[in-house]
Structures are given as structure tokens and as C-alpha cells.
Amino acid sequence: MKIIPIIAIAVTGFWINAVYSQALTDTNSAIIQHTIHSDILQRDQHIQIYLPDAYVSTSRRFPVLYIFDGQFYFYYGVAFQQTSEWQSKSPEFIVVGITTSDKQLRELDFDIDQRRQNYREFLEKELITFVDRTYRTMDDRMIFGWQSAGYLVIETLFQRPDLFTAYFVASGA
4 MKIIPIIAIA
14 VTGFWINAVY
24 SQALTDTNSA
34 IIQHTIHSDI
44 LQRDQHIQIY
54 LPDAYVSTSR
64 RFPVLYIFDG
74 QFYFYYGVAF
84 QQTSEWQSKS
94 PEFIVVGITT
104 SDKQLRELDF
114 DIDQRRQNYR
124 EFLEKELITF
134 VDRTYRTMDD
144 RMIFGWQSAG
154 YLVIETLFQR
164 PDLFTAYFVA
174 SGA
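So the sequence shown is numbered by my numbering: it starts at 4 and just counts up by one.
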């Protein structure tokens with residue numbers, strides 16, 4: 004179990020390095036805003052979607068990285084994707100930022116057991132379904148969460164390990 008914290012530190016360090024080293028300059032990339040209504044959460048959910056350069060110029064399918072607290076970390080994911088692809092360390096992937104607009108609402112979503120379960124159900128039954136129907140995606144999915152959202156990512160890893168292919172956590176409270 005000592006290897007997991009080492010991997011988490013390495014991934015986080017690489018992520019931060021990637022974020023500060025690249026600017027968004029590609030002209031074929033697209034960032035799209037969506038608002039989807041969630042029956043499970045009983046509210047509208049705002050998301051941002053980054054489509055990599057090759058999405059426009061090819062018909063192939065792409066892996067997807069889902070990022071909690073998209074209002075803070077979405078562009079970090081985009082920079083990570085662009086840097087990794089540019090350095091030939093990773094294939095291009097779609098980035099989905101899940102916006103949490105209110106601090107109190109975020110704390111409720113991630114800090115109460117039933118709300119975490121509802122959020123996981125929203126991810127599986129509504130958000131992933133929406134993204135898969137709307138965009139050319141692969142079954143390879145990744146998820147990133149920071150702090151309380153990181154706890155939800157860890158919990159999802161243990162309760163639904165098949166839902167995502169890779170799990171990234173920073174400061175999982």
C-alpha cells in the first residue's frame with residue numbers, strides 16, 4: 004500500500020508541472036459549455052468539454068478525463084492533455100470539467116454519504132451517458148478529484164472500480 008501514495012505524489016507533481024509549462028494555443032481545439040438537467044441531483048449541472056485537435060480532423064473515438072470542480076481544475080486537465088500529447092506520452096483525450104458553483108453545495112455533495120452516492124449515480128447514469136451519446140468516446144475513462152471530491156474518487160474506486168479506467172486524487176480528504 005506504500006506505492007499508492009508515491010504514485011499519487013508523482014502524478015500530482017507531473018500534473019502541476021504540466022499546467023505551468025504550456026499555454027492554450029491550438030486553433031483546432033474546442034471548448035464547449037453545456038448545462039444538463041439531473042433528475043438524480045434535482046438541479047441543473049454545468050459542464051465544460053474540451054475536444055482535442057484530432058477530434059475535428061478525424062472520426063476516431065477518444066478516452067475521457069472527468070474533472071470535479073471544473074471551475075478550478077478544468078484548464079489544468081486541458082494543459083495536462085496538451086502537454087502529454089505534445090510530448091508523445093499520452094494519446095489525445097476529451098476533458099470534461101464538472102462545475103460546482105457554490106462552496107456550500109460542493110461540501111454537501113461530497114461530504115454526506117447519501118449525496119456522494121447520488122453524485123456517483125449522476126456520473127454513471129446521466130453525465131457519462133450524455134457525454135458518450137454526444138461525443139465520440141471510448142470506454143477508457145479517467146476521473147480526477149481534489150480534497151473532498153478526491154474522497155469521492157477514492158470511494159468510487161473501491162465501490163465501482165469498473166466505472167473508470169484510471170483514478171487520480173490530490174489531497175483526498
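Positions of the beta carbon are idealized from the N, C-alpha and C atoms, including for glycine.
The shortest CA-to-CA distance from His49 to any of Gly73, Pro55, Ala33 and Val59 is the one to Gly73.
Secondary structure at Tyr154: helix, using DSSP grouped into helix, strand and coil.
Taking one beta carbon from each stretch, the region 78 to 97 and the region 151 to 168 have fewer than 3 pairs nearer than 8 angstroms; the two do not touch.
Between Phe171 and Met141 a beta carbon distance of about 18 angstroms is seen, past the 8 angstroms cut, so the two are scored as non-contacting. Under the three-state reduction of DSSP output, Thr38 falls in the strand class. Measuring C-alpha to C-alpha distances from Thr102 to each of Ser91, Ala169, Ala173 and Thr38 identifies Thr38 as the nearest. Taking every protein chain shown into account, the CB of Arg139 has fewer than 16 other CB atoms within 10 angstroms, so this residue is exposed.
Within its own chain, the residues whose Cβ lies closer than 7 angstroms to the Cβ of Thr168, once the five positions on either side in sequence are excluded, are Asp143, Arg144 and Met145, listed in chain order. By the Cβ neighbour-count rule, Ser151 is buried, with 16 or more other Cβ atoms within 10 Å of its own. Excluding five sequence positions before and after Asn121, the CB atoms of its chain that fall closer than 7 angstroms to its own CB belong to Ile43 and Leu44, given in chain order. The continuous stretches of beta strand (DSSP E) do not include Tyr58, which lies in the alpha helix (DSSP H) extending over residues Asp56 to Ser60.
Within the model, the alpha-carbon separation for Ile97 versus Ile115 is close to 29 angstroms.
The C-beta distance from Ser41 to Glu129 rounds to 5 angstroms, short enough to meet the 8 angstroms contact threshold.
Of the residues assessed, Ile52 falls on the buried side of the cut-off, its CB having 16 or more other CB atoms within 10 angstroms. In the DSSP annotation of this structure, the continuous segment of the beta strand (DSSP E) that includes Thr140 starts and ends at Thr140 to Trp149. By the Cβ-count criterion, Val134 is buried, with 16 or more other Cβ atoms from all chains shown falling within 10 Å of its own Cβ.
In summary, Gln36 is exposed, with fewer than 16 beta-carbon neighbours lying within 10 Å of its beta-carbon over all protein chains present. A check of alpha carbon separations from Tyr69 across Tyr76, Ser93, Arg63 and Gly100 identifies Gly100 as the nearest.
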